[in-house]
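Colleague:
Numbering (the UniProt record's numbering), first residue to last: 1 to 262.
1) Alpha carbon to alpha carbon, what distance is there between residue 78 and residue 247?
2) Going by alpha carbons, who is nearest to residue 39 out of 251, 255 and 256?
3) Do residue 101 and residue 146 have their C-beta atoms closer together than 9 angstroms?
4) From the DSSP output, read off the bridge partner residues of residue 141.
5) Which runs of the alpha helix (DSSP H), 4 residues or longer, sit entirely within the region 211–253?
6) Run through the region 109–136 for me and flag every whole alpha helix (DSSP H) of 4 or more residues, listed as ranges in chain order.
7) Using beta-carbon positions only, say whether residue 179 and residue 220 come within less than 9 angstroms of one another.
8) Tell me whether residue 291 sits in a helix, a strand or coil according to DSSP, three-state version.
9) Is the beta carbon of residue 107 less than 9 angstroms from the beta carbon of residue 66?
10) Quick one: what's residue 259 bridged to in DSSP?
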């Protein structure tokens, strides 16, 4: 969630040092205030665009401030990341194939205090795992219920052709990419900084703990979004995006917790 609520795990990895820190996982829902997923055999893509600081201020609550892009004063990077997993289990239940789409911005401060590099605030997060979406919604966090379909074809030469299609709740888009075999790429254990969302019931915090192969700029990608989707009209992504993008495969856990109640 989302880098996930994050904007993409690859985007977080690009912005932070790799740190080995375990995340507690289990089925305890603490009265419905915790969601824990175990995500197996996942493919993720991540790209970015930019919006102005004024646009970012309208998208995030006043207690947070967005981090300016290091490459463009007065602008904020928006990270979009999609992933598809052979299995995502919810709070220890049997897993099922699942697709997720999301975008985030990085934060500079929370309640006036600096936060670690790569701390994310989600702009959207959607999944075709309806039970997972409802569980996240109960925490007061944004979760769009969408539909998704993935196709993976071996095209030879150690490469795959991957198509991820997402539709519903104003995030309609299709990704096509040619990607390399990452089985021999370096394997990393990564924990993201705690991310935040000010939800209807209080503040929601989330952390990813990941074991993955990643190569930055490894995917030759085309993403086509619906012209009236929120992706284009609210978050600044072009209707058609083409070029190299970050690509990773791996397994991870996601812990989302309602920390403060309104």
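Just so it is clear, CB atoms sit at the ideal spot from N, CA and C, and this is done for glycine as well.
Modeller: Taking the definition as stated:
1) 17 angstroms
2) 251
3) yes
4) DSSP output for residue 141 lists no bridge partner at all.
5) 230–233
6) none
7) yes
8) Since the first residue of the chain shown is 1 and the last is 262, residue 291 is not available in this structure.
9) yes
10) Beta-bridge pairing links residue 259 to no other residue.
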